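Taking UniProt numbering, the leading residue of the sequence shown gets 1, the next gets one more, and so forth. Beta carbons are placed, not taken as given, at the ideal position from N, Cα and C, and that holds for glycine. Fair warning: this is a prediction, and the values are worked out from it, not measured in the lab. Structure, as structure tokens:
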Amino acid sequence: MAKLNWILFATKIHRAIQLITIVLSLSYFVGLLWYLKVEIAVHKEFSEAEDNFVTNFNLNTKSFSHLAITLTYFMFTSLSTVGLGDFHPRSDLERVVGAFILLFGVMITSYIMENFSEMLIQIQNFNHTFEDSVQLSLFLGTLRRFNGNQ
């Protein structure tokens, strides 16, 4: 029984790690798409005169690793609907795209929270089924004892 509990618990931990990896990967790739969108808009002269995300936060002067971490952080806080406000869209086009990303983020956050709450419930209920079987065994043993082992 203990080995079965351990396997079930390890499965749930593995699923949690998978969900975290998916969220971080999604944040990274959506952050890179955000950067591409800003760069395309600047090069097509949609918002050259306007303030944009990259120039406002001086991301065009940073290294790629700093840029990737900043964009992942920005998208992680946006997709999780926390949105701390330290990085935010600057142009109207960025705000429109950001609104759709926030809507998508609500769906992702709901899905993740549903999975995590389901996992917590299953982890809490690992021993409950075995406790019920132990109680049933005690009850049947008591009946057998009162009926003279018949």
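Start and end residues, alpha helix (DSSP H) containing residue i
i: Thr77; result: Phe64 to Leu79
i: Leu84; result: Note, Leu84: premise wrong, no alpha helix (DSSP H); not H, not E.
i: Arg95; result: Asp92 to Gln124
i: Phe57; result: Element bounds for Phe57: n/a, residue is neither H nor E.
Same chain, Cβ closer than 7 Å to residue i, neighbours up to 5 away in sequence not counted
i: Asp51; result: Arg90 and Ser91
Buried versus exposed, by CB contacts within 10 Å (16 or more), residue i
i: Ala10; result: exposed
i: Glu118; result: exposed
i: Thr61; result: exposed
i: Tyr35; result: buried
i: residue 155; result: In the structure displayed, the chain extends from 1 to 150; residue 155 sits before or after that span and is not available.
i: Ser137; result: exposed
i: Val54; result: buried
Cβ-based neighbour list, residue i, same chain, cut-off 8 Å, excluding 5 preceding and 5 following
i: Val106; result: Thr81
i: Asn147; result: none
i: Tyr28; result: Ala68, Leu71, Thr72 and Met75
i: Ile112; result: Leu19 and Val23
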